[in-house]
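Position 140, counted from 1, in the sequence shown is what this note's numbering calls 450; the numbers after and before it change by one each time, with no gaps.
Working notes, structure below.
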Amino acid sequence: MRAAAFSSYGSPSVFRMMEFEDPQASSGEVRIRIKAAGVLPFDRRVRKGWTPPGLSIDFPVIPGNEFAGIIDQVGEGVNGFSVGDHVLGFTVLKSYAEYLVVNPDRIVIKPANMPWDVAGGFSGNGQGAHMALEAIGVGNGDTVLIHAAAGGLGTFASQLAQVWGASAVIGTASKGNHDYLRSLGVIPVTYGNGLVERIRELAPEGVDAALDAAGPDALRASMELVKNKERIRTMVSSDLAQELGIPSSFGTRSVARISELTDLYAQGKLHIHIRKEFPLNQAADAHRKIENGHGRGKVVLTVD
Ligand SMILES: NC(=O)c1ccc[n+]([C@@H]2O[C@H](COP(=O)([O-])OP(=O)(O)OC[C@H]3O[C@@H](n4cnc5c(N)ncnc54)[C@H](OP(=O)(O)O)[C@@H]3O)[C@@H](O)[C@H]2O)c1
């Protein structure tokens with residue numbers, strides 16, 4: 311099979327299209343012919359030399375943490391999935407490829423109304439947002455602050471907070487993304503100097519809970535605006551969080567979590583904007599696209 315992979319760490323230019331043996335589904339596994347794979351900041355960290363916990367890295371590395379595709383092999387003992395099923399799911403690495411073998415406890419059936427590009431970029435940020443909002447206890451009547459609300463993670467978190475009953479979601483973004491946030495039902499606020507004051511104008515008593523997908527300034531602002539530290543989480547600044555006494559606990563990814571999200575999508579309650587899609591052989595350009603940390607929605611690789 312062909313895959314977008316690298317044999318040294320570094321800039322996006324380390325990507326090459328490489329040939330690998332086709333993986334085969336063993337007992338208890340399925341093989342998926344990949345149609346689309348999301349591009350995440352997680353993949354960028356791997357490309358730059360970070361080793362995800364519990365793994366050891368051997369070159370060449372095929373990154374890719376989320377995917378969608380069609381099952382083309384079903385190993386012995388697998389129940390509930392058949393050849394031809396359209397699925398989406400999660401992995402740690404290896405989805406920037408034509409084929410991926412996974413355990414079926416990492417996939418769900420793709421909703422019929424979900425295009426392949428959305429499906430390929432669905433499970434990583436979707437589950438990240440789900441875990442974070444669960445950890446900060448978002449529920450009925452909450453005013454929730456989401457930093458970096460227009461990004462891949464923020465796009466999911468902004469909408470999910472409303473589905474879970476938040477009465478107001480305030481989201482930070484640059485001016486160019488304010489209309490996008492409004493379209494998601496979010497009250498937009500520009501980040502940068504004076505952020506806390508701008509949010510206090512909207513929420514004089516502060517906010518009930520905050521999710522930081524931006525960085526240290528956002529986390530410090532959250533500390534000023536949220537009374538209960540238990541209701542703050544960061545996806546970015548774990549060292550600062552520890553220093554400030556903000557918990558770092560999150561749940562884990564699961565089929566139950568993605569199923570809730572795919573059900574919401576099927577009901578028209580989640581809208582996922584595709585920032586740009588690239589063919590698999592342009593993985594380097596896809597990484598360049600996420601490299602600057604700005605933009606709205608998801609970057610996705612498509613696989614012919
Ligand atoms: N499962 C997960 O999704 C997960 C897990 C762990 C960590 N994270 C981390 O969460 C972060 C966001 O991920 P992502 O996938 O959403 O990235 P992304 O799609 O690249 O989005 C980045 C967003 O950050 C915004 N932004 C840039 N500078 C900002 C600032 N100073 N204050 C507020 N917003 C700012 C940008 O908005 P503008 O374009 O308007 O500037 C952009 O929309 C990454 O650092 C990632 O590593 C995600």
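We put the beta carbon where it would ideally sit given N, CA and C, even for glycine.
So is residue i buried or exposed if we call it buried at 16+ other beta carbons inside 10 Å?
{"i": "T562", "result": "exposed"}
{"i": "I367", "result": "exposed"}
{"i": "K608", "result": "buried"}
{"i": "S317", "result": "exposed"}
{"i": "S548", "result": "exposed"}
{"i": "A422", "result": "exposed"}
{"i": "W360", "result": "exposed"}
{"i": "S336", "result": "exposed"}
{"i": "G399", "result": "buried"}
{"i": "F369", "result": "exposed"}
{"i": "K404", "result": "buried"}
{"i": "P414", "result": "buried"}
{"i": "D489", "result": "exposed"}
{"i": "I348", "result": "Looking at the sequence itself, residue 348 is Gly, so the reference to Ile does not match. Burial call: buried."}
{"i": "R585", "result": "buried"}
{"i": "S559", "result": "exposed"}
How many angstroms separate the CA atom of residue i from the CA atom of residue j?
{"i": "A476", "j": "H583", "result": "22 Å"}
{"i": "N591", "j": "L365", "result": "26 Å"}
{"i": "G338", "j": "F391", "result": "11 Å"}
{"i": "I497", "j": "I342", "result": "40 Å"}
{"i": "G374", "j": "D518", "result": "34 Å"}
{"i": "P557", "j": "E331", "result": "43 Å"}
{"i": "E570", "j": "V473", "result": "11 Å"}
{"i": "G461", "j": "V384", "result": "35 Å"}
{"i": "V388", "j": "A528", "result": "45 Å"}
{"i": "T482", "j": "G495", "result": "13 Å"}
{"i": "A429", "j": "L521", "result": "24 Å"}
{"i": "K539", "j": "V393", "result": "47 Å"}
{"i": "P363", "j": "N435", "result": "18 Å"}
{"i": "D573", "j": "S564", "result": "14 Å"}
{"i": "G603", "j": "I480", "result": "20 Å"}
{"i": "P589", "j": "R508", "result": "41 Å"}
{"i": "I417", "j": "E511", "result": "43 Å"}
{"i": "G504", "j": "A531", "result": "10 Å"}
{"i": "A439", "j": "W426", "result": "20 Å"}
{"i": "I456", "j": "A523", "result": "8 Å"}
{"i": "I381", "j": "E408", "result": "12 Å"}
{"i": "M311", "j": "E329", "result": "6 Å"}
{"i": "G379", "j": "S321", "result": "28 Å"}
{"i": "A478", "j": "A513", "result": "10 Å"}
{"i": "Q552", "j": "D395", "result": "43 Å"}
{"i": "D452", "j": "K579", "result": "19 Å"}
Is residue i near residue j, with beta carbons less than 8 Å apart?
{"i": "V610", "j": "A314", "result": "no"}
{"i": "V340", "j": "V412", "result": "yes"}
{"i": "L350", "j": "F377", "result": "no"}
{"i": "I542", "j": "R354", "result": "no"}
{"i": "Q469", "j": "R567", "result": "no"}
{"i": "A594", "j": "F325", "result": "yes"}
{"i": "G525", "j": "V506", "result": "no"}
{"i": "A467", "j": "A445", "result": "no"}
{"i": "I372", "j": "V613", "result": "no"}
{"i": "K420", "j": "V454", "result": "no"}
{"i": "V536", "j": "G516", "result": "yes"}
{"i": "N450", "j": "R606", "result": "no"}
{"i": "H581", "j": "R357", "result": "no"}
{"i": "Y319", "j": "M424", "result": "no"}
{"i": "T465", "j": "K485", "result": "no"}
Chain B beta carbons: is any one of them nearer than 8 Å to that of residue i?
{"i": "L455", "result": "Reference to chain B is not applicable here, since this structure consists of a single protein chain."}
What ranges does the beta strand (DSSP E) occupy inside the segment 333 to 405, keeping only unbroken runs of at least 3 residues that lie completely in it?
340 to 349, 376 to 384 and 396 to 400
Continuous beta strand (DSSP E) assignments of at least 3 residues falling wholly in the segment 429 to 471:
Segments of the beta strand (DSSP E) lying fully in the segment 429 to 471: 453 to 457.
Completely contained alpha helix (DSSP H) runs for the segment 467 to 526, where each covers 4 or more residues:
488 to 493 and 505 to 512
In chain order, which continuous runs of the alpha helix (DSSP H) of length 4 or greater are located wholly inside the segment 541 to 597?
548 to 554 and 565 to 576
Every unbroken beta strand (DSSP E) within the segment 311 to 335, with a cutoff of 3 residues, ordered by chain:
Entirely contained in the segment 311 to 335, the beta strand (DSSP E) runs reaching 3 residues are, in chain order, 312 to 315 and 326 to 329.
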